[in-house]
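J.: I have a structure here, written as C-alpha cells, and I will follow up with some questions on it.
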Amino acid sequence: MISLDPQQQAARDWFESLRDRICAAFEAIEAEAGSDARFAYTPWDREAEGIAAGEGGGGVRGVMTGRVFEKVGVNVSTVAGEFAPDFAQSINGAESDPRFFATGISLVAHMANPHVPAVHMNTRFLTTTKRWFGGGADLNPPIPYAEDTDAFHARLRAACAPFGPDAYARYSKWAEDYFYIPHRGVHRGVGGIFYDHLECADDAGFDRNFEFTRAVGEAFLDIFPQIVRRRMNQPFTEAEREEQLVWRGRYAEFNLVYDRGTLFGLKTGGNIDAILMSLPPLAKWS
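For the sequence shown, the positions run -2 to 283 when the numbering used here is used.
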C-alpha cells in the first residue's frame, strides 16, 4: 500500500528480481548435490506503533535448508514510516525530518561443509530528506583458501572498475574496517566491499549509483556459486566442523552487537525472524 515514485519502484523491482535469480541459482546447486531443497517464502507486514496494517510496507523472508546450504536466507523488503526521534539523529538526512522509505535485499548463507565459505550480501536504497544507495558483499570462510579469497575480490574489483580508479580500494578498505569484531580483535572474514551514502541528488546521480549497485549484485551472483561448486564436495573432518561452529559464534557476535542492518530492522519494526535470519543454525562457544 506504499506509494512509490519511479526511482523507488525501479529499485524495488530490481532487488526482487535479483532475489529470484539468486534463489534459483542456489536451488540449482542443491539439485546438483542430489537434494530437493527449495526456498520457503514467508511474507510479512511491518508492525510499528501508530501504523495501520499494510501501510508500513513489509517484505518476504526466503529460507532454504539443504545438503549444501545448511541455512541460507534471502530477504527482500520495502518499508516506510518515521524513525524514532533518537534513532533519526543517526540516519543520513533524517535529523530534521524522521520520515523514511527503504527497499533492499539481504542475504546470508551458512554452509554445511566447513570448506565452503559463508557469505553475506546486501544492497539497499533509502529515502529521507536525501536519497542514497548502500550495500556490499563479504566472504566469511571458517577455513580460508587464498584461491577463493582472490577470486571473490577480483570479481568485486572488476565490478567497481567502471566507477572510478579508487572505488574498489575505498570500498574494500571500508569493508575491512566495518567487518571487524573489536572485542575479539579479529575480522569477521576475508573482506569484500562495503559502501554507503551514495547520494542521488538528481536523476544522473540515481542512475549512476543504481548502476553500481546492480553491478555489485551481478558480481555476487556470478562469483559465489563458482566458489560453492569448487568446495562443496570436499571431504572434511570432525575437527574442521568444530572449527566452523566456533567461527560461527564469532559471526553471531558481530551481527548481534555491531551490525547496522540488524539495528535498523529492530528500530523500524521489521520482522524479527527476517532480521535474525543472519544467525547460523548451529554455533559453539568454547
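Cβ coordinates follow ideal geometry from the N, Cα and C atoms, glycine included.
Please read these numbers as outputs of a predicted model, since none were measured by experiment.
Within 10 Å of its beta-carbon, does S169 have 16 or more other beta-carbons around it, so buried, or fewer, so exposed?
T.: A buried status is given to S169, since no fewer than 16 other beta-carbon atoms sit within 10 Å of its beta-carbon.
J.: With a 10 Å radius around its C-beta and 16 neighbouring C-beta atoms as the bar for buried, classify N230 as buried or exposed.
T.: exposed
J.: Between R332 and the rest of its own chain, which residues show a CB-CB distance below 8 Å, the 5 nearest in sequence each way excluded?
T.: Here the chain covers residues -2 to 283 and nothing more, so residue 332 does not appear.
J.: If we ignore side chains and look at the alpha-carbon of each, how far apart do A143 and L1 end up?
T.: Taking the straight line joining both Cα atoms gives about 44 Å.
J.: At a cut of 8 Å, does the stretch 107 to 119 reach the stretch 78 to 85 through at least three beta carbon pairs?
T.: no
J.: For T146, which residues in the same chain have their Cβ closer than 7 Å to its Cβ, ignoring the five residues on either side in sequence?
T.: L136 and V187
J.: Among the residues of its own chain, which have a CB less than 6 Å from the CB of E237, if the five just before and after it don't count?
T.: Excluding five sequence positions before and after E237, the CB atoms of its chain that fall closer than 6 Å to its own CB belong to P111, given in chain order.
J.: Quick check on the DSSP output: what are the complete alpha helix (DSSP H) runs of length 4 or more inside the stretch 102 to 170, in order along the chain?
T.: Correct list: 143 to 157.
J.: Helix, strand or coil: how does DSSP classify I190 here?
T.: strand
J.: Please list, in chain order, all residues of the same chain as Q223 whose beta carbon is under 8 Å from its beta carbon, the five residues on each side excluded.
T.: A148
J.: Could you compute how far the alpha carbon of F209 sits from the alpha carbon of Y175?
T.: Going from the Cα of F209 to the Cα of Y175 covers about 20 Å.
J.: Around the C-beta of P141, are 16 or more other C-beta atoms found within 10 angstroms, so that it is buried, or is it exposed?
T.: exposed
J.: Kindly indicate the opening and closing residues of the alpha helix (DSSP H) around T259.
T.: R257 to K264
J.: Entirely within the stretch 215 to 262 and at least 4 residues each: give me those alpha helix (DSSP H) ranges in chain order.
T.: 235 to 254
J.: How is S74 classed by DSSP in three states: helix, strand or coil?
T.: strand
J.: Whose C-alpha, out of G258, S283 and A164, is nearest the C-alpha of S74?
T.: Among G258, S283 and A164, the Cα nearest to that of S74 belongs to G258.
J.: Beta-carbon separation of G78 and V105 under 7 Å?
T.: no
J.: Report the partner residues of M61 according to the DSSP bridge assignment.
T.: V69
J.: According to DSSP, is A99 helix, strand or coil?
T.: Here A99 sits in strand by DSSP.
J.: Using the C-alpha atoms, what's the distance from R18 back to I220?
T.: Going by the C-alpha atoms only, they are around 14 Å apart.
J.: Looking at the secondary structure, which residues open and close the alpha helix (DSSP H) in which P82 lies?
T.: P82 to A85
J.: Assuming contact is defined by CB atoms lying nearer than 7 Å, are A172 and I190 in contact in what I supplied?
T.: In contact: A172 and I190 (Cβ atoms closer than 7 Å).
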